[in-house]
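Just so we're aligned: 544 in our numbering is position 560 of the sequence shown, and the numbers increase by one with no gaps anywhere. Every residue gets a Cβ at the ideal spot worked out from N, C-alpha and C, and that includes glycine.
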Amino acid sequence: MKVRTLIGITLVAGGASIASSERAAAQTAQNPVEPIAFESCYFDAWNYYDYVCDIVVRRDGIDTVVASPGSAPKWSPDGERIAFAGPSWDPGIKVVGLADLRVQNLTGTTAFDWAPAWSPDGSTIAFVSDRTGTAELYRVNDDGSGLGRLTTSMVFGGQFAWSPDGRAIAIAGNRDGGNDLYTIDPDGSSLVRLTSGGGIGTVAWSSDSTRIAFDCDAELCRIDADGTGLVRLTATTGRNAVFAPADGRIAFVTAGFGQGDEIAIRNEDGTIVRVAAATPGINPVWSPDGTRLLFEGTNPFGYEGCCFNGCNGDTYCVPAYGLYMVDVAASSPGLLGKGSNADWYGPRPGQPLASFTYQCDGARCDFDAHGSADPNGAIVSYTWGFGDATTGAGSTVSHTYMPGGTYLVTLRVTDNDGLTSAVTLRIEANAPPTAAFAVTCAAATCTFDASGSADPDGPIASYQWTFGDGASSFYPTGSPTATHTYKTGTFTVLLVVTDYGGVTATASATVQTINQPPVASFTKTCDFARCTFDATASADPEGRALRYSSWSFGDGHHRYDSTAIQEHTYSAAGSYAVVLTVVDGVGQQATVADTITILPASMHVGDLDGLSTQATRPWSVLEVSLVVHDGDHRPVANARVVGMWSTGESRNCATDAAGRCAVAAAVRGSQAGVSFTIQRVEHALYVYRGNNHDPDGDSDGTTFTFKRK
């Protein structure tokens, strides 16, 4: 069963379901709480540059998207509709009915319309539009008729506010060469200027429609509705004033405390109180009872969009700002979440508040409206619309639906003064499913069969398995079985079945498995320093494919997630520990190690020749070239040859790919008798054993002596 108290707004119940007996015990009626509407903006998941805003209603901590896209939501006076502005690609002033969430575009046009505001009687919406090329004030009836322009003889500043009695609209504009405050009748007649000069910003009326607070340059001012009694209310800075619902207190934004924009309250005696000092903010909104304020934070609490390099070749990151609520007496704010342009619904004087709880056991639902209340009288009628073209009456009613359906249930209450209030909830008339499964295991592989699960009023929509070892699987309708392979151990398996009404049921079981670890093995063959390793003899006893997780060749070189056969060339003689790790299909691993020894080979000088050139007399340049060979007379590259000239100079060179290098020396006088002797040859993989020779016989392979020309 489900129970949720709702007052004056459509909410969609969400979250994980529980068994019907637990739901009935867990749910209780709640006292009526005025809901909050606000805009919640985000980057569309399909386009990093598409910034979209949802219209969201919050009640009792539950957020419900009632329309999208849109911005600047405003409650209708009866609390049954919300007006909002469409985006630039779908413009217009729109209204969403909270009974069925249907949206009507009242002013659809290619122009941009924004800032809707209801008249106090709910029959008219005033708004700003640029359909003439500049911002002007317009009005439209709540059914989309009567569209008309109100500002025709002035430069409209874009700021306006209805008087609470509905007799006038205060506007900021320029008609006589200066920015001033005006009032105008709702039909656009009787434009009256109240001020003479000074920049005018936001405007707000007192609850009794006798006074107007407004931004005057960088300060906050107040004036009587007849244009008298102008006073400056702040001595430092002030803007965005809003009167408390039932007295003369004014909440506003100020930078006068030296910490940037903050929320403050000016009492009727002129004292100014700092509110939420540790949380800078703007755009204050009073609660209907005047005890709390909503405001928007100015310090971001997070970021969204594309906030890392490489996002489609760009980075586009936007800060997210919070919506806060503060008790003005305690001055301790709390973060409600991301949001802006909040509007707090306040019922009209004497208006009742509709509220109901519900309990559903399968297709039968019981509704209880005793949570509804009337502040100054009594509720005389309760009318129900069950969402399936049937109706009912009474403070408590029962209704049986077609199984497994989702319905919009509406309660409308009427008090002894004839005032009404309505609330709508989307409910599910749905019996919960039951979950059951059988399990059979062969070695470490288990098969799970959930075909014993059932739903009394429809099919199972999905099967969600959690296998107890960190793995999980999701199977849609028609796939009640699953197979999973484990390591050795004991595991708790959880099944969650969900029906088409979104209700879930769970079942669990414990399985014990024994999984033989894999066997790692490899052979090795080497051609001098180049070795081949073959691990194809590695195997898994259960026959699963292996992953060759890592090869370590003992000389600091590794290969990961590679193949069974590897080749590696060592750069120096020595003994190396080669280690192979294999992993089976469930993550069990085995390791094997073996030592390989690379023995040094012999090398010698296979040719030694000399060359002399005349430089500048009496100097000559003597050069010796040589070739280093291995035991099979193949050239040895990267060998370091060190020798000594008979003149006492030591020289060395490194052989190239052909095994060849050269050394040179400059001598003075006769070159006859000058010689170069090889002292040693060095290489990490070879040992110099002498046995040098020279095919052309002009040296002994170790010493070359220059003769007189």
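query = Hey, how far is the Cα of Lys691 from the Cα of Asp539?
reply = Those two C-alpha atoms are separated by around 49 Å.
task = Put Ser457 into one of helix, strand or coil per three-state DSSP.
result = Ser457: strand per DSSP, three-state reduction.
message = For the segment 353 to 368 against the segment 395 to 405, do three or more pairs of beta-carbon atoms, one drawn from each stretch, fall closer than 8 Å, so that the two count as touching?
response = By the criterion of at least three beta-carbon pairs nearer than 8 Å, the segment 353 to 368 is in contact with the segment 395 to 405.
ask   = Met138 by DSSP, collapsed to three states: which one?
value = Note: Met138 maps to coil in three-state DSSP.
Option nearest Val576 by Cα separation, candidates Thr255, Ala521, Ala313 and Ser604 = Nearest option by C-alpha distance: Ala521.
query = Cα-Cα, which of Tyr447, Glu252, Asp74 and Gly485 is closest to Leu478?
reply = Residue Tyr447 is the option with its Cα nearest to Leu478.
message = If I follow the unbroken beta strand (DSSP E) through Lys58, where does it start and stop?
response = According to the DSSP assignment, Lys58 belongs to the beta strand (DSSP E) that extends over Ser55 to Trp59.
For Gly486, the nearest candidate out of Glu288, Ala445, Gly54 and Thr553 (CA to CA) = When only C-alpha atoms are compared, the closest one is Ala445.
key: The beta strand (DSSP E) enclosing Tyr385, as first and last residue numbers   = In the DSSP annotation of this structure, Tyr385 is not part of any beta strand (DSSP E), being labelled neither H nor E.
key: Separation of His541 from Tyr672, as counted between CA atoms   = So the two alpha carbons sit approximately 28 Å from each other.
request  = From the DSSP output, read off the bridge partner residues of Glu18.
outcome  = None; Glu18 has no bridge partner.
task = Determine, using beta carbons only, whether Arg335 and Leu403 come nearer to each other than 9 Å.
result = For the sequence presented, residue 335 should be read as Gln rather than Arg. Cβ distance < 9 Å, so Gln335 and Leu403 count as in contact.
query = For Gly436, which three-state DSSP category applies?
reply = Coil at Gly436, not helix or strand.
Secondary structure of Asn224, DSSP reduced to three states = Here Asn224 sits in strand by DSSP.
key: C-alpha distance - Asp84 paired with Asp350, whole-angstrom precision   = Cα atoms of Asp84 and Asp350: separation of roughly 21 Å, rounded to the nearest angstrom.
query = Taking DSSP as the reference, what is the three-state secondary structure of Lys78?
reply = Note: Lys78 maps to strand in three-state DSSP.
key: Under the three-state DSSP convention, the category Ser446 falls into   = Residue state for Ser446 is assigned as strand, using DSSP reduced to three classes.
inquiry  = Strictly under 9 Å for the Cβ-Cβ distance: is Thr404 near chain C by that measure?
reply    = Here chain C cannot be found, since the structure has a single protein chain.
request  = Tell me, please, whether the segment 586 to 601 touches the segment 565 to 573 by the rule of three or more beta-carbon pairs shorter than 8 Å.
outcome  = No, the segment 586 to 601 is not in contact with the segment 565 to 573.
key: Pick from Ala646, Val393 and Trp328 that is closest to Thr341, judged by C-alpha positions   = Cα-wise, what sits closest to Thr341 is Val393.
message = Could you tell me the alpha carbon to alpha carbon distance between Thr509 and Ser534, rounded to whole angstroms?
response = Taking the straight line joining both Cα atoms gives about 19 Å.
task = Look up Arg233 in the DSSP assignment and say whether it is helix, strand or coil.
result = In the three-state reduction of the DSSP assignment, Arg233 falls in the coil class.
key: C-alpha gap between Ala228 and Asp327, whole angstroms   = Taking the CA atoms as reference points, Ala228 sits about 14 Å from Asp327.
ask   = According to the neighbour-count rule (16 or more other Cβ atoms, all chains shown, within 10 Å of its Cβ), is Asn499 buried or exposed?
value = Classified as buried, Asn499 has 16 or more neighbouring CB atoms from the shown chains inside 10 Å of its CB.
task = Identify which residue in Thr450, Arg223 and Asn125 has its Cα closest to the Cα of Phe421.
result = Comparing Cα-Cα distances from Phe421 to each of Thr450, Arg223 and Asn125, the minimum goes to Thr450.
message = Going by DSSP in three states, Lys691 sits in which element: helix, strand or coil?
response = Note: Lys691 maps to coil in three-state DSSP.
request  = Would you kindly work out how many angstroms separate the C-alpha atoms of Gly281 and Ala235, rounded to a whole number?
outcome  = If I take the Cα positions, the gap works out to 15 Å.
request  = Answer yes or no: do Ala347 and Ala413 have a C-beta to C-beta separation smaller than 9 Å?
outcome  = One thing to note: Ala347 has its Cβ within 9 Å of the Cβ of Ala413.
request  = Please name the residue, chosen from Cys344, Pro331, Gly378 and Gly369, that lies closest to Ala353 on a Cα-to-Cα basis.
outcome  = Ranking Cys344, Pro331, Gly378 and Gly369 by Cα distance to Ala353 puts Gly378 first.
message = Considering only their Cβ atoms, is the gap separating Gly643 from Ala621 smaller than 9 Å?
response = Closer than 9 Å, so yes.
request  = Select from Ala202, Glu203 and Gly211 the residue whose C-alpha is nearest the C-alpha of Thr194.
outcome  = That would be Gly211, whose Cα lies nearest to the Cα of Thr194.
inquiry  = For the beta strand (DSSP E) containing Leu278, name the first residue and the last one.
reply    = In the DSSP annotation of this structure, the continuous segment of the beta strand (DSSP E) that includes Leu278 starts and ends at Arg276 to Gly281.
query = Name the DSSP bridge partner or partners of Pro303?
reply = Under DSSP, Pro303 forms a beta bridge with Tyr287.
request  = Output the boundary residues of the beta strand (DSSP E) element that contains His667.
outcome  = Annotation: His667 is outside any beta strand (DSSP E) and is labelled neither H nor E by DSSP.
ask   = Counting pairs of Cβ atoms below 8 Å between the segment 633 to 643 and the segment 674 to 685, do you hit three or more?
value = Because the criterion of three Cβ pairs below 8 Å is not met, the segment 633 to 643 and the segment 674 to 685 do not touch.
message = Let me make sure I understand the geometry here. Which of Leu319, Ile582 and Ala313 has the alpha-carbon closest to that of Tyr305?
response = Of the candidates Leu319, Ile582 and Ala313, the one whose C-alpha sits nearest the C-alpha of Tyr305 is Leu319.
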